Structure formats: C-alpha cells, structure tokens
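What the sequence shown shows, in UniProt numbering, is residues 1 to 405, in sequence order. No residue lacks a Cβ here, since even glycine has one placed at the ideal position from N, Cα and C. Since this is a predicted model, take the numbers as computed values, not measurements.
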Amino acid sequence: MSIASQPDRVIIFDTTLRDGEQSPGATLNVEEKLAIAHQLALLGVDVIEAGFAVASPGDFQAVKTIAEQVGIPGGPIICSLARAIRQDIHAAAEALKGAARPRIHTMISTSDIHLKYQLKKSRSEVLAIASEMIAYAKSFVDDVEFSPMDASRTEPEFLYEVLARAIAAGATTINIPDTVGYCTPKEIGTLIQGIREHVSNIDGVILSIHTQNDLGLATANALAAIEYGVRQVECTINGIGERAGNAALEEIVMALQVRKPFFNPYFGRSVDDDTPLTNIKTQEIYKTSSLVSQLTGMLIQPNKAIVGANAFAHESGIHQDGIIKHRETYEIMEAAAIGLPENRMVLGKHSGRNAFRTRLKELGFELNEADLNKAFNRFKEVADKKKEISDWDLEAIVRDETQIQ
Ligand code: KIV
Numbered sequence: 001m002s003i004a005s006q007p008d009r010v011i012i013f014d015t016t017l018r019d020g021e022q023s024p025g026a027t028l029n030v031e032e033k034l035a036i037a038h039q040l041a042l043l044g045v046d047v048i049e050a051g052f053a054v055a056s057p058g059d060f061q062a063v064k065t066i067a068e069q070v071g072i073p074g075g076p077i078i079c080s081l082a083r084a085i086r087q088d089i090h091a092a093a094e095a096l097k098g099a100a101r102p103r104i105h106t107m108i109s110t111s112d113i114h115l116k117y118q119l120k121k122s123r124s125e126v127l128a129i130a131s132e133m134i135a136y137a138k139s140f141v142d143d144v145e146f147s148p149m150d151a152s153r154t155e156p157e158f159l160y161e162v163l164a165r166a167i168a169a170g171a172t173t174i175n176i177p178d179t180v181g182y183c184t185p186k187e188i189g190t191l192i193q194g195i196r197e198h199v200s201n202i203d204g205v206i207l208s209i210h211t212q213n214d215l216g217l218a219t220a221n222a223l224a225a226i227e228y229g230v231r232q233v234e235c236t237i238n239g240i241g242e243r244a245g246n247a248a249l250e251e252i253v254m255a256l257q258v259r260k261p262f263f264n265p266y267f268g269r270s271v272d273d274d275t276p277l278t279n280i281k282t283q284e285i286y287k288t289s290s291l292v293s294q295l296t297g298m299l300i301q302p303n304k305a306i307v308g309a310n311a312f313a314h315e316s317g318i319h320q321d322g323i324i325k326h327r328e329t330y331e332i333m334e335a336a337a338i339g340l341p342e343n344r345m346v347l348g349k350h351s352g353r354n355a356f357r358t359r360l361k362e363l364g365f366e367l368n369e370a371d372l373n374k375a376f377n378r379f380k381e382v383a384d385k386k387k388e389i390s391d392w393d394l395e396a397i398v399r400d401e402t403q404i405q
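Written out as structure tokens, the structure is:
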C-alpha cells in the first residue's frame, strides 16, 4: 500500500481531556476543561478529545461546552469517546451537536484476554457489534473513529478482519491502541506494516496510533508508527494519562521538528524540506504544559523532556563552558522554540569558572584574576554544601572575598 492517500503531515489528536484526565487525581471541572481546550486550540492541535460524554453529567457538559465554544468553524475537530454501545454513542452525538466538525470515537476490545474476562463475548459477536455501532455513529456524524482496544495483543488475523469490517461500516479513522503499553518500537512497526499489507481497504482511511507509557516507550512507539505510515498520533500534554500515561504531545512534536530531516523521507519529502510536519505552534507548548499541570495538579518531574524545569538548564562546568562558547554544543533545540524566554545556567558544585565569571558579569561584578580566584574557591566550598547557588549567595561571596561592597 502506498502512503499517497494519507496526509503529508501528522494529525495531532490531543486526548489530555479524556485519557489525560483518567490520571488518578487529575479530575477537571467544566470551566477547567474549557480553559485547557481554548489553549489546545491556540497550540494548534487538529483534534481535541474533549471527554467521554456518557461517563458523567459533568463530562457530558464539558464535551458540549467545548463543542460549542471551541469547536467553531476554523477550529479543531471536537471528539467524544463512546464504547460500542448505543447509549454511549447517542450521548456523544448529543454532546457534540454544537461542534462545526464533530467526531465520535467508538471502541471495543478485540484481544482474547479482554474478550474472555472483560467482555465475555465471542469474536463473531465483537465483529457484529463493531460494525453495527460504527454504522449507528455514522447516522449522527460523518467523522467516525474506531479503536480496537488492546489491538497490540490481538491475534493479527482477527485484528485485520475487525479493521476491514470497521472501514466497510463507515469508520474514517482507524486507531491502533497499545492499550497496556506492551509493545517495543520494532513490534509497533511490524504491527502497522501488517495492517497496511493485510487490510485491503485501509488505504481510504486515516491510520492512527495510541500508545501508553507503561514501559516508558510511548513516544518511541508513536514515532516508530509514524515511520511505518501512521498519520494521526494520539497524545497528551505532559504525557499524563491512565497509569504511567500516554505519549507526550510535546515530545512527539519536538522530535518531528528537531529531527525533520530524519522524518521527511517517510512523508515522501526531500530530506531538507522545511515544511512543518505538524500544525502545532511550538511556542505555545510551555504555556500549555504549565496550564495543564496547574489545573490537574499533576506536577512535572524536573527532568521531563521538553517541559521539565531542567530541560534547558545546565549545571556541569564542561557543559556551561560549551554553551557559553556555542549554544549548539549541548542544546539540540532552543528554549524559545517552546515559548521559554531562555535557557538557564544553574550554578552548583559541578559548575566551572567560565559560567561563574559570566554570571558575575551579568550581576555587574567585573573581578580581576586574583579576586576571581578567591571568589571562585569560596563559591566551590559553598556549592559543596548547597544544591543550588542563588544570586544572593554570589553577591555575598563577592563582597566577603573582595574589596567590592
Ligand atoms: O488505551 C486505550 O486503548 C484507549 C482507547 C480508547 C484508544 O484509550
């Protein structure tokens, strides 16, 4: 199968407000969801999965409000999740009525373990339900996404059959969930390749991936899927979500941007083509990340890629020296690309003389060599006792060790 029928960029499907909100303790009220949805629209996401309309009256109201206020013409597609159950699909359709471009995302499990213990249904029953419920969703909206839950642990021949039937019933996006975050990137590649080779009608729909982070592989798996022709990625801000979370939007988008020459050929482009691979306005990433963290109460680990407090901070002397001489020695992207004013030099026990001198200059202290040596030695003694040296500490050191007052 060729990729000619697929878009020449990656559709960013943001599920912060649905899967992200499934993070224990991250519950959001309608106003909070609406604030995040407005910011996601500014960020430029293509699809907002606003919630699971049937889950609660609050979630119904959130999907409805977002559909009406964010899903305006020219805005993102607004989506609601629905199990392959009539009542769920009806609730999703009702909540989405105000959206200019509504999408119903319906799902049913397909792996034997889910069929046996959770659904207690046979494969032929699942096939029939999927077809019937996709057709039902289609009676409300044109845009229907189908997810065979636990796809990555589903017997491949059965998965191909479900997908072919789902497309025949009217699904326009086929999403492949690695529901329990079980796959490695190579396995994801094989899975997508198998689908593209064995599902004869896959060419006419958008192929999507949904990766969970149980083994810390969600972003790597999503990127591997893109290499194999997937053109929609489901992700969340800060990677929040059920259990260990989902693929992080900011990681996928920045990987596609920073490594564009690597990814371009997978889109049939020349290596040096500069056209962006997503519609995301990356300068909005930091603001969006902070808003989601603040409203969900989910703190961001300092070493989190792209948006962690240390992602653009340098402490070691060797690194600081390199950065001062040429930023690209130790940075593969600029802080400004995600909307941060600048990178950060952290002065601590690993820092070197060059960073120390540069920071003192910024604070207005020009020391001669002898004073600089004395101050630097004192700084190292203090740094051994403190995690981070503040500007106040530096000033005190300079005044103690030199004649400067
Ligand atoms: O993890 C999962 O399987 C899901 C689907 C509904 C896409 O969240």
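Roughly how many angstroms separate the alpha carbons of I104 and P177, rounded to a whole number?
16 Å
Distance, H114 Cα to V10 Cα
30 Å
Give me, in chain order, the residues of the same chain whose beta-carbon lies closer than 6 Å to that of N310; leave out the 5 immediate sequence neighbours on both sides.
P302, N303
M345: CB within 7 Å of a non-hydrogen atom of the ligand KIV
no
Any heavy atom of the ligand KIV inside 7 Å of the beta-carbon of D19?
yes
Quick one: what does DSSP say residue 406 is sitting in, helix, strand or coil?
This structure cannot settle anything about residue 406, because the visible part of the chain is limited to 1 through 405.
Measuring CB atoms only, is the region 365 to 372 touching the region 311 to 323, in the sense that at least three cross pairs come out at less than 8 Å?
no
Compare the beta carbon distance of I252 and I338 with 8 Å and say whether it is the shorter of the two.
no
DSSP state of D59 mapped onto helix, strand, coil:
helix
Tell me whether A128 is buried or exposed, calling it buried when 16 or more other Cβ atoms sit within 10 Å of its Cβ.
exposed
Give a yes or no on whether the C-beta atoms belonging to residue 409 and V47 are separated by under 8 Å.
Missing from the structure shown is residue 409; the chain here goes from 1 to 405 and no further.
8 Å Cβ shell around V126 - same chain, five flanking residues per side excluded
I108, S109, T110, L115, L119, V162
Quick check for students: name the residue ranges of the beta strand (DSSP E) that lie wholly in the region 136 to 185, counting only runs of 3 or more.
143 to 149, 173 to 178
With a CB to CB cut of under 7 Å and the five nearest residues on each side skipped, what residues in its chain are close to L256?
V10, F263, L277, T278
Does Y136 pass the burial test, meaning 16 or more other C-beta atoms within 10 Å, or should it be called exposed?
buried
Between A100 and P185, what straight-line distance do the alpha-carbon atoms span, to the nearest angstrom?
36 Å
Exposed or buried, which one is R86 when buried takes at least 16 other CB atoms within 10 Å?
exposed
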